[in-house]
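In what follows, a single structure is set out as structure tokens and then discussed.
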């Protein structure tokens, strides 16, 4: 990428498992690609970053952790790193937010600062899940923006995910599945049964029906919709399983000299599988349904993971992914229902 | 095993994805181990099985499929294979039920015929999940007996799972985790938050707190508790991911001649990993909280999977796993609260 410093990305320096060092290295790598990076945090912990071309350090007083109640913390601590970073985007000094800290705090700060698109009930956190059998990832949402959802929210997530898959993956008419516990219609909890019935009647959407947990890694549909609780559990189960199984394969390749030689010869091919499934390669989860770009990266991100999340944010800005997703969403009619701004007294959506 | 025909197992012949042929071969293999197998189904589809030593074929008129509403179907079709098989256990002609058909029908038939243990709110479906990093599996429940649960149900599942882990895995004081979307207390949906608070106060239980999706494949605790909807989605996601990743490793080993040689040398070691994660090897899910043994095998079971499920049922009978789990459950005080028999007007459990 050219060092044109088109979009600037606001990067929250705090909350990663490994501490600010991955932020320092990640920001440096992203800036080397020509992305402007504004890093919000404690300057004492970001040593050397001020001198990097394309990076600006903005001092923040304090952080919000997983132990804080997100809404209260975001309201009460306007100087916390993630709150300042989100405000930076809202005020136009930067164009996208990246945080690898508390997911709840990042989402709350983004929601308060960037606001929802008109007609969107709830933003949803979407990931592009790499699956072994497909060249393009599966879009999976909501993976944790809302731990509770109502049927009309799941219906709108289906439209959001479908629009996003069209915009980022170029799928013309994405097939959307509803995550539940049996393929037959009517299986699952009332939330899912009601959402399934509404999706069956939905216009401008290719609803493929119910899918099960195994359809996600199998990539049987282009978009998988779930409530945020189920989606988060499924995503982490999938990531954990992929990591444990590839780890077991590595251990097996150390078991005896013959296996070790086999492992050595197989390593380049296996490296491809591992890289493909590595959450660090995919950047982070994007919060869909807002008027701006907000990316939530893994707390366990390496410097590579942080750099990829910043690159993903810059790409989302350059390619107008959020705006185009919103336009498609509106064109589909999924935002047509009248809606109160507090999101808690929604009327049924069509 | 000696051909002593101690316990007889009632095997539902219908509902597997592959048709009755896997039942024929599975029953034959289990009978060769000395287990008495009573097979319920259409004799015309069970050709040759009557002549097998240790196997009896009992004619059933019809089956219940995934498309039927389980409670109504079990009530209205007393001659369906799974209903007759469950009645066979209740009437003492056999000692354990195995079905690879509709999970809902098998659970309903077992619940109606075998009844709940005194003080048990709801039975729970438990699996022993093989994880790469542990020599013994993780007990995971509920994986689908109840798609909806209340906090007191999750509390009792914790006790059920803990007692089961002690009985089948010999773990003296199993560490029990509650599946949710963040390790911090108070994370997740109200169901889980309330259950977590109650588990924190629970006696005679080693509650390890909240766990996330990745803790399941990592085996960070001995027992993982979830509601049946979340548990089923997580289990199928894990099984699907393990299968896709090992499949991708196999494909990678066919990519070029060097990788192919590596794959050949590594094959014995990789086979161990695959076998270990193969759901067919673990038999099936056991329905805990009833007065008898009921095993629900995968619909996708091979003949091996069916034989292993029958062996698992026979072992559960021989080792009095259900009775001993019930005794431990009662000793823990987890069944003490008064409870109506319909399970729908439970009072809060302690």
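Protein chains in written order, with this note's numbering: chain A, 1 to 350; chain B, 1001 to 1350. Virtual Cβ for every residue (Gly too), placed ideally from N, Cα, C.
Burial state of residue i (16 or more Cβ within 10 Å)
i, result
"residue 1118 of chain B", "exposed"
"residue 204 of chain A", "exposed"
"residue 1183 of chain B", "exposed"
"residue 338 of chain A", "Note on residue 338 of chain A: pLDDT 37, under 50, position unreliable in the model; no value is reported."
"residue 1048 of chain B", "exposed"
"residue 1089 of chain B", "buried"
"residue 1020 of chain B", "buried"
"residue 308 of chain A", "buried"
"residue 227 of chain A", "buried"
"residue 1015 of chain B", "buried"
"residue 281 of chain A", "exposed"
"residue 1017 of chain B", "exposed"
"residue 1210 of chain B", "buried"
"residue 146 of chain A", "buried"
"residue 126 of chain A", "buried"
"residue 1008 of chain B", "buried"
"residue 1244 of chain B", "buried"
"residue 256 of chain A", "exposed"
"residue 1292 of chain B", "buried"
"residue 190 of chain A", "exposed"
"residue 1038 of chain B", "buried"
"residue 1092 of chain B", "exposed"
"residue 1347 of chain B", "Any reading at residue 1347 of chain B is ruled out, since the residue's pLDDT is 38, under 50, leaving its predicted position unreliable."
"residue 342 of chain A", "Its pLDDT being 38, under 50, residue 342 of chain A is placed unreliably by the model, and the measurement read from it follows with that caveat. Flag for residue 342 of chain A reads exposed."
"residue 31 of chain A", "buried"
Endpoints, the alpha helix (DSSP H) within which residue i is located
i, result
"residue 152 of chain A", "151–169"
"residue 1023 of chain B", "1021–1032"
"residue 1321 of chain B", "1321–1332"
"residue 1304 of chain B", "1303–1318"
"residue 1088 of chain B", "1081–1090"
"residue 1073 of chain B", "1070–1076"
"residue 215 of chain A", "215–218"
Residues bridged to residue i [DSSP beta-bridge criterion]
i, result
"residue 50 of chain A", "Note: residue 50 of chain A sits in no beta bridge, so no partner."
"residue 1056 of chain B", "B/1038"
"residue 1096 of chain B", "B/1009 and B/1293"
"residue 177 of chain A", "A/209 and A/224"
"residue 1116 of chain B", "B/1290"
Integer Cβ distance of residue i from residue j, believed to fall under 8 Å
i, j, result
"residue 123 of chain A", "residue 287 of chain A", "5 Å"
"residue 139 of chain A", "residue 164 of chain A", "6 Å"
"residue 108 of chain A", "residue 78 of chain A", "Actually they are not in contact, since the Cβ atoms of residue 108 of chain A and residue 78 of chain A sit about 13 Å apart, beyond 8 Å."
"residue 27 of chain A", "residue 55 of chain A", "5 Å"
"residue 265 of chain A", "residue 1259 of chain B", "7 Å"
"residue 273 of chain A", "residue 1249 of chain B", "6 Å"
"residue 113 of chain A", "residue 99 of chain A", "Not a contact, Cβ separation roughly 12 Å."
"residue 1175 of chain B", "residue 1222 of chain B", "5 Å"
"residue 81 of chain A", "residue 13 of chain A", "6 Å"
Enclosing beta strand (DSSP E) for residue i [first to last residue]
i, result
"residue 1288 of chain B", "1284–1288"
"residue 124 of chain A", "124–129"
"residue 210 of chain A", "206–211"
"residue 1199 of chain B", "Per DSSP, residue 1199 of chain B belongs to no beta strand (DSSP E); it is in the alpha helix (DSSP H), 1190–1200."
"residue 1139 of chain B", "1138–1141"
Near the ligand SAH: residue i beta-carbon under 6 Å from a heavy atom
i, result
"residue 1011 of chain B", "Absence of the ligand SAH from the depicted structure is noted, as is the absence of any ligand whatsoever, leaving it without description."
Problem set entry | Residues from the stretch 1169–1184 of chain B in contact with chain A, defined by Cβ distance under 7 Å | Result list: 1179, 1181, 1182 and 1184.
For this session: Please name the residues in the stretch 56–84 of chain A whose beta-carbon is closer than 7 Å to at least one beta-carbon of chain B, in chain order.
Result: Under the 7 Å Cβ criterion, the stretch 56–84 of chain A contributes 66 and 67.
Exercise. Between the stretch 1131–1155 of chain B and chain A, which residues of the former have CB atoms less than 7 Å from a CB of the latter, in chain order?
Worked result: Listed by position, the residues of the stretch 1131–1155 of chain B near chain A (Cβ gap below 7 Å) are 1131, 1132, 1133, 1144, 1147 and 1148.
Problem set entry | Cβ-based contacts, 9 Å cut-off: residues of the stretch 203–220 of chain A near chain B | Listed in chain order, the positions of the stretch 203–220 of chain A with a beta carbon within less than 9 Å of a beta carbon of chain B are 212, 213, 214, 215, 216, 217, 218 and 219.
Exercise. The stretch 1253–1266 of chain B: which residues have C-beta closer than 8 Å to a C-beta of chain A, in chain order?
Worked result: Among the residues of the stretch 1253–1266 of chain B, those with a Cβ less than 8 Å away from any Cβ of chain A are 1253, 1255, 1256, 1258, 1259, 1261, 1262, 1263, 1264, 1265 and 1266, in the order of the chain.
Exercise. Relative to chain B, which residues along the stretch 97–124 of chain A have a C-beta separation below 7 Å, given in chain order?
Worked result: Cβ contacts with chain B come from no residue of the stretch 97–124 of chain A.
For this session: Please name the residues in the stretch 6–22 of chain A whose beta-carbon is closer than 9 Å to at least one beta-carbon of chain B, in chain order.
Result: Listed in sequence order: no entries.
Exercise. Any residues in the stretch 1294–1306 of chain B with a beta carbon nearer than 7 Å to a beta carbon of chain A? Which ones, in chain order?
Worked result: If the cut-off is 7 Å between Cβ atoms, the stretch 1294–1306 of chain B has nothing near chain A.
For this session: Check each residue of the stretch 231–246 of chain A: if its Cβ is closer than 8 Å to any Cβ of chain B, include it; give the result in chain order.
Result: Taking 8 Å as the Cβ-Cβ cut-off against chain B, the residues of the stretch 231–246 of chain A that qualify are 232, 233, 234, 235, 236, 237, 238, 239, 240, 241, 242, 243, 244, 245 and 246.
For this session: Return the residues of the stretch 186–198 of chain A that lie within a Cβ-Cβ distance of less than 7 Å from chain B, sorted by chain order.
Result: Result list: 188 and 189.
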